[in-house]
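Structure record follows, encoded as structure tokens.
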Amino acid sequence: MARTKKYNAFYAQSGGVTAVINASACGVIEAAREHKDKIGKVYAGRNGIIGALTEDLIDTSKDNKKAIAALKHTPSGAFGSCRYKLKSLEENRAEYERLIEVFKAHNIRYFFYNGGGDSADTCLKVSQLSEQMGYPIQAIHIPKTVDNDLPFTDNCPGFGSVAKYIAVSIREAGFDVASMAKTSTKVFVMEVMGRHAGWIAAAGGLAAEEEGDSPHIILFPEIAFNQEKFLKRVDRCVKKFGYCAIVVSEGAAYKDGTFLADAGSVDAFGHKQLGGVAPVVAQMVKEKLGYKYHWAVADYLQRAARHIASATDVDQAYAVGRAAVEYALAGKNSVMVTIDRKKTKRYGWTIGEAPLDKVANVEKMMPRNFITKDGFHITDACREYLKPLIAGESYPPYKDGLPQYVRLKNVAVEKKLKKKFKV
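Sequential numbering of the sequence shown, starting at 768, is according to the numbering used here.
Set out below in structure tokens:
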């Protein structure tokens, strides 16, 4: 019987990192190590796809089983991530020829790209290399985004933990403001991530279980901001409850599409740079209503908070990493691993797949029936969708009062190409 030829795998992390993206990396590496007869080594791209273009590869075999397992409870991107979007083959053929050169030089035939919508687009383009440039590559996209805006998957790894952090944070801040409202702060504004989709902002709504609970107002990107309606609601809340707690998505915008916090610049992906909506909203309240305020921006804290990660999220992030390897070994190509919610009374989920040409560059917004008619909070339907995603605790190990996270060796693979490539 002929022996199956072994090929190496390339894994990379893309875009903004999460509390659980390393759990997906753990899933990929551990699954690959279980198939040593088919997969040689797993090379990680240092700083994402840039590592492939510059031939800056990391040999994950240099880290032992214990270190790789510790990735499951370590936040951020262990190998470095990047915001870099490949242009089309027609626009920049040199990039694709370079990828082929690097993959050929290192016997790479499996490509696992772990990221959001833009990385799905990159993964799709790489999957097309096989046909257009005559080198077989199986490209599997591993979903990751705190924004929860990828289509076809019920939810995205990374979102559940951010959702948990935001719900906990606005609940705790609400208790703080309520206790001081008589003589101090009357309005508290917390800004969360979410450029076009309000999933993270919606998660804050889970903290409000009874009338008067924080948050009293949620501002979604999907609902056009109306200053008059908003200020009336703030004033009513302060007079009724003594204070008003607000969760605002960074992508909150006026009817004409102008962001409340448009900074006037764009990022590496061409997206509008947003300059901080919380102080804009807070100052509006101060000028129009005269209430004393405080504001906070969750920023990187929300996506790095592994200490309070959702157990559901950790399990799913690990599972999609493992599934990517199994799918590749089964001969699949140009697909994204998905999380499919079971249609049962008790929450359950399975792993599925979706074609990358249907996933790339598509954003999944909040359904209108998840937002109350007045546009300021979440419905019961949204609550039922969100609750299981933040369920369960998965604490990292602690030492001297602090969580213990792993730092891998990240040993570089010897370069085989003389030609350097600039990005």
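Ideal Cβ positions, reconstructed from N, Cα and C, are used throughout, including at glycine.
CB of residue i within 8 Å of CB of residue j, strictly
| i | j | result |
| --- | --- | --- |
| K1271 | L853 | Nothing can be reported for residue 1271: it is not among the residues displayed for the chain, which extend from 768 to 1190. |
| Y1162 | H1061 | no |
| Y810 | L824 | yes |
| H908 | L1156 | no |
| N789 | P842 | yes |
| V1014 | L1056 | no |
| A964 | N922 | no |
| V795 | A1091 | yes |
| A776 | I875 | yes |
| M1103 | W966 | no |
| A779 | G812 | yes |
| A1020 | A1045 | no |
| A969 | C1149 | yes |
| I1138 | E989 | yes |
| R962 | G1018 | yes |
| W1116 | K1110 | no |
| E1010 | A1078 | Sequence inspection shows Tyr at residue 1010; the Glu mentioned does not correspond to that position. Not closer than 8 Å, so no. |
Beta-carbon contacts of residue i that lie in its chain and below 6 Å, excluding the five residues immediately before and after
| i | result |
| --- | --- |
| Q905 | Y877, A1095, N1100 |
| G941 | S981, A1012 |
| T920 | P910, T1105, I1106 |
| I849 | The sequence given here places Cys at residue 849; Ile does not occur at that position. Cβ within range, chain order: N814, G815, I817. |
| A991 | K1022 |
| G972 | I985, H1144, I1145 |
| D888 | A1127, N1128 |
| P1170 | H1074, P1163 |
| M1051 | none |
| V1178 | D826, K829 |
Residues near residue i by beta carbon distance below 7 Å, same chain, minus five either side
| i | result |
| --- | --- |
| L1175 | D830, A834, A845 |
| R865 | L820, F1188 |
| E868 | L1184 |
| M900 | Y863, I867 |
C-alpha distance - residue i paired with residue j, whole-angstrom precision
| i | j | result |
| --- | --- | --- |
| V1048 | D1147 | 27 Å |
| R1070 | D1080 | 12 Å |
| S1032 | K803 | Since pLDDT at S1032 reaches only 44, below the 50 mark, its modelled position is unreliable, and no value is offered. |
| D747 | F870 | Examination of residue 747 is not possible in this model, given that the chain is present from 768 through 1190 alone. |
| C890 | Y863 | 12 Å |
| G1088 | A792 | 6 Å |
| E1160 | A1072 | 12 Å |
| V893 | F879 | 10 Å |
| A1035 | K1007 | For A1035, the predicted structure reports a pLDDT of 47, less than 50, and the residue's modelled location is therefore unreliable. A value from the coordinates is still provided. Answer to the nearest angstrom: the Cα atoms are 45 Å apart. |
| G1098 | P903 | 11 Å |
| D1167 | L896 | 50 Å |
| L856 | K996 | 48 Å |
| K1053 | T952 | 11 Å |
| E801 | A974 | 42 Å |
| A837 | T1025 | 43 Å |
| V954 | V1005 | 8 Å |
| K1112 | E1151 | 11 Å |
Presumed contact (8 Å Cβ cut-off) between residue i and residue j, rounded CB distance
| i | j | result |
| --- | --- | --- |
| S928 | V787 | 6 Å |
| K839 | Y1085 | 6 Å |
| V913 | M960 | 6 Å |
| A826 | K808 | According to the sequence shown, residue 826 is Asp rather than Ala. Confirmed, Cβ separation roughly 6 Å. |
Cutoff 8 Å: residue i Cβ touching any chain C Cβ
| i | result |
| --- | --- |
| N789 | Looking at the structure shown, chain C is missing, and only one protein chain is on hand. |
Spatial neighbours of residue i in its chain, beta-carbon cut-off 8 Å, leaving aside the 5 residues before and after
| i | result |
| --- | --- |
| A1065 | Y932, I933, S936, M957, E958, V959, M960 |
| K1125 | P918, F919 |
**Message:** Report the start-end ranges of each beta strand (DSSP E) in the segment 1063–1147 that is 3 residues or longer and not cut off at the edges.
**Reply:** 1102–1108, 1116–1122
**Prompt:** Fully enclosed by the segment 777–820, which beta strand (DSSP E) runs are 3 residues long or longer?
**Reply:** 806–812
**Request:** Just list the beta strand (DSSP E) runs in the segment 940–975, keeping only unbroken ones of 3 residues or longer that don't cross its boundaries, in chain order.
**Result:** 954–959
**Prompt:** Considering only residues of the segment 881–944, which uninterrupted beta strand (DSSP E) runs meet the minimum length of 3 residues and lie entirely inside it, listed in chain order?
**Reply:** 905–910
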